[in-house]
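So the sequence lines, in the order shown, correspond to chains A and B. Be aware that the first sequence starts at 1, since it is given in this note's numbering, and climbs by one per residue. Be aware that the second sequence starts at 112, since it is given in this note's numbering, and climbs by one per residue. A short worksheet on the structure shown next.
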Amino acid sequence: GNSVTQMEGPVTLSEEAFLTINCTYTATGYPSLFWYVQYPGEGLQLLLKATKADDKGSNKGFEATYRKETTSFHLEKGSVQVSDSAVYFCALGDAGNMLTFGGGTRLMVKP
Amino acid sequence: GAVVSQHPSWVICKSGTSVKIECRSLDFQATTMFWYRQFPKQSLMLMATSNEGSKATYEQGVEKDKFLINHASLTLSTLTVTSAHPEDSSFYICSARVGDHGYTFGSGTRLTVV
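Below is the structure:
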């Protein structure tokens with residue numbers, strides 16, 4: 001079956017530091033890949049997505065590239081802000097409309 | 112963009128009572144709605160998939176008689192937690208498929224059973 005593995009948190013960074021959150025997946029076929037962000041007490045918001053190999057999703061300074069050869073979709077941001085503090089979920093969507101989530105990574109950015 | 116409105120955002124109920132959570136698609140028709148449960152500091156676990164006009168499909172280990180899902184229209188799906196107990200306290204989130212590669216989520220409902 002499908003699975004998503006992402007690095008455990010919490011990840012604690014100082015403001016303006018570089019961020020990488022690793023995500024790897026196992027899937028049959030050609031899934032779509034997503035990063036979602038969850039702020040405290042709220043639901044999930046789509047951060048970015050990529051639907052095929054070598055696609056790069058980007059939004060609000062965050063980027064992730066769909067790497068089929070390494071089955072990865074690592075999230076990066078060049079300079080984090082305190083307001084980026086949240087929980088980030090990597091997810092995989094298959095042809096059957098099912099989303100499989102990674103365990104989530106909590107990011108804490110200190111001023 | 113496609114929006115799913117989820118209510119209530121939080122609810123406290125007494126043990127043994129039932130609680131209904133609603134998810135409405137505001138500007139699109141949601142043929143399929145997904146219901147997730149999230150424990151503190153954990154990921155989302157899919158509970159069930161509901162399709163408009165038919166019975167929901169429950170994931171293994173989810174009690175269908177306890178978590179009643181109704182999807183009677185293309186814009187409304189409901190989850191009813193029946194005879195709630197403290198162990199049912201959790202964060203419940205609905206999600207709908209949008210287009211070919213998108214999903215939109217409700218804002219979640221925090222249920223506390225006392």
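Glycine included, each C-beta is placed from N, C-alpha and C at the ideal position.
Outcome for B:L137 when other beta-carbon atoms lying within 10 angstroms are tallied against a minimum of 16: Exposed, since its Cβ has fewer than 16 Cβ neighbours within 10 Å.
Separation of A:C23 from A:E63, as counted between CA atoms: Their Cα atoms are separated by approximately 13 angstroms.
Residues from the region 72 to 91 of chain A in contact with chain B, defined by Cβ distance under 9 angstroms: Listed by position, the residues of the region 72 to 91 of chain A near chain B (Cβ gap below 9 angstroms) are V87, F89 and A91.
Any 3 or more C-beta pairs closer than 8 angstroms across the region 4 to 18 of chain A and the region 67 to 80 of chain A: With a cut-off of 8 angstroms, the region 67 to 80 of chain A and the region 4 to 18 of chain A count as touching, because enough Cβ pairs lie within range.
For B:M144: DSSP bridge partner residues: Looking at the DSSP output, B:M144 sits in a beta bridge with B:S161 and B:A207.
Environment of B:V224 [buried if 16+ CB atoms lie within 10 Å]: Buried.
Nearest-angstrom Cα separation, counted from A:V37 out to A:C90: Each residue's Cα considered, the two are about 9 angstroms apart.
DSSP state of A:V87 mapped onto helix, strand, coil: It is a strand residue.
C-beta contact flag for B:A207 and B:T215 at 8 angstroms: It is a contact, given that the beta carbons lie within the stated cut-off.
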